[in-house]
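Each remark here refers to the structure printed beneath this line.
In our numbering, the protein residues as written are 57 to 367.
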């Protein structure tokens, strides 16, 4: 059996990548990368906005806030050879409960394995799969609460498999008045589990826990909606707060323009995007700057399976 000697180098690569993307997290890269073009173009300032199927990534309490059966899929072309894909479904019951299921896949491209005998093998460097089941409940008085149960499977070099079952919990308050809406949201993510790995010992490796708090304000006048939002994030391995800001301008009932900005990150900072809507189909596009590494590109396609209230 050929002995593989690339492990240390590869793990250094994975940890550096996770550091840039997760602000200090050491594992579970996919768990801190929301896969949503609309929110990404708003600087991922979505904890209090949380008004579509992608609330599952930011605050599951938001799933109760729209009467819609919806299917959505997203693709992200990341930096280097990174890529993400997701697909999800949402349904609600009498505005009392909401349910969602989601699948996310991440690929880090290929890696070369140098064997002792001098031969080289090409393998899939890292592949993650995340399965999420979400439940939200309307608490009345403008409040809702939600929870995600997640299963993460991470395979390194097609050989080393890691697993974890963390959960998220969130709460949302939304107040609607004529011509405006204000929302506040809180969400704790990736709690209750370590990543079980044959390389990490009995206790496993800590997952990147995230504390999110957000506020958003929407002005509705003359058929045009303007939403501004702000989030504060704190990662378990980096106590410094990261700030996210976003804005969305929706007009003519069919188009949206978006922009966002983040502080506290070495790479990701500015983002922008747009949305195009028909009666049953929503197309969202977003791009984010990643410094010297270039740009990421997000495309989402959603299908409304039941008439819905406006965002």
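C-beta: ideal position from N, C-alpha, C; glycine also.
(1) Would residue 273 pass as a contact of residue 238 if the rule is Cβ separation under 7 Å?
(2) Grouping DSSP H, G and I as helix and E and B as strand, with all else coil, what is residue 323?
(3) Ignore the nearest five residues each way along the sequence and tell me which others in residue 134's own chain have a CB closer than 6 Å to its CB.
(4) Residue 305 to residue 314, Cα distance in whole Å?
(5) Run through the DSSP bridge pairs and tell me what residue 206 is partnered with.
(6) Out of curiosity, what's the CA-to-CA distance linking residue 100 and residue 240?
(7) For residue 144, write down the residues that DSSP places opposite it in a beta bridge.
(8) So the candidates are 294, 115, 207 and 125; which of them puts its Cα closest to the Cα of residue 269?
(9) Exposed or buried, what is residue 11 when buried is set at 16 or more other beta-carbons lying within 10 Å of its beta-carbon?
(10) Between residue 82 and residue 361, what straight-line distance do the alpha-carbon atoms span, to the nearest angstrom?
(11) When the Cα atoms are used, what is the spatial distance from residue 80 to residue 225?
(12) May I ask you to verify whether the segment 286 to 305 touches the segment 94 to 108, counting CB pairs closer than 8 Å and requiring at least 3?
(13) DSSP three-state call for residue 103: helix, strand or coil?
(14) What's the C-alpha gap between residue 175 and residue 87?
(15) Quick check on DSSP: helix, strand or coil for residue 90?
(16) Based on the DSSP output, what are the partners of residue 291 in its beta bridges?
For this structure:
(1) yes
(2) coil
(3) Setting aside the 5 residues that flank it on each side, residue 134 is surrounded in the same chain by 352, each with a C-beta closer than 6 Å to its C-beta; the list follows chain order.
(4) 6 Å
(5) 188
(6) If you take the alpha carbons of residue 100 and residue 240, they lie about 15 Å apart.
(7) 128 and 158
(8) 115
(9) No information on residue 11 is available, as it lies outside the stretch 57 to 367 that the chain covers here.
(10) Confidence in residue 82 is poor, its pLDDT being 46 and thus under 50, which makes the residue's placement too unreliable to answer from.
(11) Low confidence applies here, because residue 80 scores a pLDDT of 43, under 50, leaving its location unreliable and the question unanswered by this model.
(12) yes
(13) In this structure, residue 103 counts as coil in the three-state DSSP scheme.
(14) 34 Å
(15) coil
(16) 266 and 294
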